[in-house]
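Taken in sequence, the protein lines are chains A and G. Just so we're aligned: 779 in numbering that gives the first Met the number 0 is position 780 of the first sequence, and the numbers increase by one with no gaps anywhere. Just so we're aligned: 254 in numbering that gives the first Met the number 0 is position 255 of the second sequence, and the numbers increase by one with no gaps anywhere. What follows is a single structure, written as structure tokens, with notes after it.
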Amino acid sequence: MKVSLNWLKRHVDLPEKPDEIADALTLLGFEVDDIETTGLEPLENVVVGEVLDRQQHPNADRLGVCRVALGEGVGEKSIVCGATNYKVGDRVPVALPGAKLPGGFKIKRSKLRGVESDGMMCSGKELGVSEDAEGLLILDGNPQLGTPINEVLTDSDTVYNLEVTPNRPDCLSHIGIARELAAWFKRDLRYPEINDDHPLEERPDSHSIFSGVSVDCPEDCPLYMATVIRGVEIGPSPEWMQELLTSVGLRPINNVVDVTNFVMLELGNPMHAFDARDIQGGKIRVRLGFDGETMTTLDDEERKLSSRMVMIADENRALAVGGVMGGQNSEVKEDTTDIVLEVACFKPSTIRWVSKSLGLSTDSSYRFERGVDPHSLKFATDRAVELILETAGGEICANEYVEGGVPAWESEIALSPDWVRQKAGFEISDDEIESSLEALELEVATSHSDWKVGIPSHRGDLDRPIDLLEEILRMYGTHRIPSGSVAATATTRNDSPITGFVRKASDFLVGQNFSEAVNYTLRSQDEQTLWASHVSAKELALRNPISEDQTQLRHSLLPGLLETLKINQSRNTGATRFFETGRSFREVNGKVMEMISVAFLVCSEGAERTWRESRQEDYFWAKKRIERIAQIAGVDLDRFPIKPVDTNNAAWQEGHCSEIEEPKAGISVRIGLMNLARTKEMDIRGEVRAGIFSILPERLHDPKRVKFAPFSHYPSSSKDLALVVDKNEQSGNVLRSVSKIAIKATKGQFDLEDLHVFDVYEGIGISDDKKSIAFSMTFRSMERTLKDKEVNQAFDAIQNEIREKTAYEIRD
Amino acid sequence: MEEELKTIVESANEKVATVTNRAGFEAFKAEISGPNGSLTRVMKGMGSVPKEDRPAFGKLINRAKTQLQEMYDDALRSIEEAEIAQKLGPAIDPSLPSPEFGPGSLHPLTQIREEISRIFKQIGFTVAEGTEVETEYYCFDALNTPADHPARDLQDTFYFPDKASFGNVSKKEDERYLLRTHTSSVQIRTMLKEDPPIRIISPGRCFRRDTVDATHSANFHQVEGLYVDKNVTVRDLKAVLDYFFEQMLGKGTKTRFRPHFFPYTEPSFEVDFSSTHLAKLGSEWVEIAGCGMVEPAVFDAVGYDPEVYSGFAFGMGIERIAMIVYGIDDIRYFYQNDHRFLRQFA
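Listed below in structure tokens is the structure:
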């Protein structure tokens, strides 16, 4: 909201410096978005001078050397000047040495082409009052020599663009802001005075012009006041009013309309004047709109009305969208003579809805949306009537049309000053509390520690002691709230397990030379279906996306990471390893689950060439890293079957990828080579290997304390065993059955300490549909050194068992 | 006999120079000390030596043996040395760069989040997490936001269709699902689950229906804090934020409260800082956070007695702090992931 300093000064005496007022507004809770100065800034050492004579500059054709009279205090000065629009005897603004002109230009005594100049005669542009840079600003009216220029050019103003928070509708007016400043600077507030010198018995009857108001929808329009003024003469409003309106960005229209705008900005009451001729049937009916009804508002737009809108109508048609904007059919025109002045209040939520559905926000709707104090309507009416009579003539009619009403205002809050101090946490004296509240026009009745604070009707936002605390702190100055020592007692709460997991997984990947990327959660449908064709996009879609490239929740972090990779390749940054952590969204049994994901990828191309190759990353390289990430999450992936990725999943390269899907355990894993055709389509060079681990947040727990397991002090004994198995058989399955057999064979004697694959072979000596897997098994006892004999016996037993119970063939 | 031994040693001495590998060495050694070796043959002839000459002859043999053993040891040592040298290859050029990958890095937003968490942890605030998908109740209603508050508009907040169903985001009743606009929803859920005293911060991703420009992103990160206990005062709030901003932005950083309005706090403030550490930026008051004392209606919503407990809450943007701290002038850098940007924070 724009607020004019000149306007505020009509209501309260304020300090000279506009910045001081801006600071006060800021500390009162009205953020100053910008300050605009119109007219002349306050300038020092710029005074009125008179050109006494002009000599040609000896060294420059275009310059003159003038003798300038500056009044008694300063005397005469010699000033070099390039302008030509003046004549001897003209009075002009003169900037003396030490002056600082708008834009920061400092005036010093100086030599111009060899001639001393003791100041500068100024153009309108140099003073910042006009765009005219052609010649000197010639001052009319023969102002006295030596007068500070601000006393001559007085039509300047400072306009503050304020942010008024939604809890303060009472401050959407100059009187409201002035009231706050008066409280802050401890000055008196001047309300406009109304001299009611039109006794009721002298007023004419209105019936020939206007005869009544009815309200069909009192809930939406609880109070409606109409006043009739006849015989007005439409013309321009007075200059002072036009200046004030212009300063805050309103265009003057005519005296009557300007008064309605002026009073709205002065007191905060939106109002509207109708041309009485246009009210068919002479009566106003406040009703809801009809579906299909239309009207043209003052901005020349045809508006579609609806049954949730409040219309100000006559017997035939709508004349205005109540609380928002008047209609063209009844506006005040040049030849208007009789007017009906509407001052009303409307239900905030109704106006908010109307304004939104029409896409029409006006000064009026803005105020009604936030709430206009119904108790203020009478005063606003009187003020507007007086100004209309003053500026447009005419006479007020006797009849008062008031429809609806509001209960008498009564509000009181019990307050204890000790409670205030306790909540604040620092000392504020009783006197300071009392004077703060009183400065804001609250009535304080103090008796011992139980105070009663009376709340005026315009402060409907105050109804609890805590609300008064805020007022007291505002008056005290929130910048003065003292700091204290931090009361930091021990806490028994840990960081969330999610935080712990993400932190550790990230640190691990950073240690593996990955750079962390951060991509948007919202993705496009195209991307989503490209990389996750098996995902039902509908379940992840937003109802109201803002753009086509951000329509749904990400199913995986990998498309974002591929995007990151692509950007880096195209910009040739040399980076090939990225990771990301964050939320991803998966549909499980018709419900979308929000999961914690950690994903990484590495690309075979794009790194800068080096003098020696470093190791290539393959599937197993990625697998190891996913296993570690799972381990950080407290998950042992060995517990779950690992399968090739479903061939329907277009994101991965068939035969070079795997997945673990365990909805019961709340985990999901993918590892391997990203689909080569797809990455190529994306213009990514090289092969991309990636891994993603996702877990339901509720499955993450604080890591368990490690329990030490004792280990043997005796030597181990190893045996190797090669098995010929079907080519398609997963080594993991073979390992599991061998492990089971080996544990059984050694049970009660000693332990199978380790069993792992150390060789996989296909080729000569093995039939085409088979492969050989070699295992190394290590035995150890907790109690003794193992004897060859017992190990050999166990190994024989294992081999026998394999021959008997499995389809595997032992390779000799 | 003596001559014979001398010849063996001398010829061994000549031959040893030609031994360059283990196989050659073994053959060479076998020729002398093997079962049919020259030395072995001489030693076998010991039987035919007269008894009285045997001690002298034994001495001679021992001497020859010692000499040969030294020869063997030397030969073996130089073979091993040659083997190691071959294995190691030529001497390295220590000035060559390592072909290994450059260092990994945490994203600047993560680093700032972690720094904030660390600073607050020192005064007993721990991290609480929540879901990014939320419901209207936990994001707005429980936070005393009026039903027709503009923040709830479809214009400003992302919603999901009415039939959407999220398995691990609980609803209060039948309200709509949305993407959280702040992490205050985490505070509500934490208060519903835990009893005071509460001291948490909740960093996380938030969403607003903003068009992307240099300072706006539909997807951004916030950290909010909440402290609930008996007798928490406005001054305590100031003390905690003063401590935090001095830690974050450097010693001597000042903060200033300005009255403001939020539905979930009363009184409410905006926080400005000024700091000499940030050149021009910090020379005037710069807005950095919002805060206030927890609105009693919020306590009512979570079942805390506002007569017994009081508390404060605060919130700020992680991007904004990162931009201030690092001097970054465009929010979009954070989401482009250009490595020339990322690696500066390694």
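Every residue gets a Cβ at the ideal spot worked out from N, C-alpha and C, and that includes glycine. Given the structure is predicted, the values throughout are model-derived calculations rather than measurements.
query	result
Bridge partner(s) assigned by DSSP for K1 of chain A	A:N160
Sequence-distant residues of its chain with Cβ nearer than 7 Å to I427 of chain A (five each side left out)	V419, R420, I471, Y475
8 Å Cβ cutoff, D173 of chain G in contact with chain A	no
Where F425 of chain A meets chain G, residues with beta-carbon distance less than 7 Å	R234
Any C-beta of chain A under 8 Å from that of A300 of chain G	no
CB contact check: L161 of chain A to chain G, cutoff 8 Å	no
Sequence-distant residues of the same chain with beta carbon closer than 7 Å to G248 of chain A, five excluded per side	K1
Where N567 of chain A falls: helix, strand or coil (DSSP)	helix
is_contact[I118 of chain G, chain A] using C-beta, thresh 8 Å	no
Residues of the segment 258-281 of chain G with Cβ closer than 8 Å to any Cβ of chain A, in chain order	P258, H259, F260, E265, P266, S267, F268, E269
Helix, strand or coil at Y807 of chain A according to DSSP, with G and I counted as helix	coil
W408 of chain A (DSSP reduced to helix, strand or coil)	coil
Proximity to N647 of chain A [Cα-Cα], best of A:L561, A:D257, A:K622, A:W530	A:W530
Residues within the segment 459-482 of chain A neighbouring chain G, beta-carbon criterion of under 7 Å	I465, D466, L468, E469, L472, R473, T477, H478, I480, P481, S482
Any C-beta of chain G under 8 Å from that of I497 of chain A	yes
Cβ separation of V485 of chain A and Y242 of chain G, assumed to be a contact under 8 Å, to the nearest whole Å	5 Å
Distance CB(V262 of chain A)-CB(A383 of chain A) smaller than 8 Å	yes
Under 8 Å between C-beta atoms of T477 of chain A and L7 of chain A	no
Contacts that N167 of chain G makes with chain A (C-beta to C-beta distance below 8 Å)	M592, E593, L695, P696, E697
Under 8 Å by beta carbon: chain G residues contacting I566 of chain A	Q335, N336, D337
Nearest neighbour of H56 of chain A, chosen from A:W651, A:V501, A:G81, A:G48 [CA to CA]	A:G81
Beta-carbon proximity check, T156 of chain G vs L177 of chain G, cutoff 8 Å	yes
Beta carbon proximity, S484 of chain A to chain G, threshold 8 Å	yes
Buried/exposed call for I193 of chain A, threshold 16 Cβ in 10 Å	exposed
Residue-level contact to chain A via CB, P89 of chain G, 8 Å cutoff	no
Classification of F757 of chain A by the beta-carbon crowding that lies within 10 angstroms, buried from 16 upward	exposed
Whole-angstrom distance between V151 of chain A and I176 of chain A, CA atom to CA atom	29 Å
Contact check, E40 of chain A vs G127 of chain A, beta carbons under 8 Å	yes
Cutoff 8 Å: I122 of chain G Cβ touching any chain A Cβ	yes
Where the segment 93-105 of chain G meets chain A: residues whose CB sits under 8 Å from a CB there	L95, P96, P98, E99, F100, G101, P102, G103, S104, L105
Neighbourhood of A345 of chain G by C-beta, 8 Å cutoff - its chain only, sequence neighbours within 5 removed	G101, P102, G103, S104
Beta-ladder partner(s) of I199 of chain G, from DSSP	G:T125, G:L225
Cutoff 8 Å; reference G103 of chain A; Cβ partners in own chain excluding five residues on either side	none
Completely contained beta strand (DSSP E) runs for the segment 561-646 of chain A, where each covers 3 or more residues	576-587, 590-602
Which residues DSSP lists as bridging S213 of chain A, in chain order	A:R284
Where A238 of chain G meets chain A, residues with beta-carbon distance less than 7 Å	S482, G483, S484, V485
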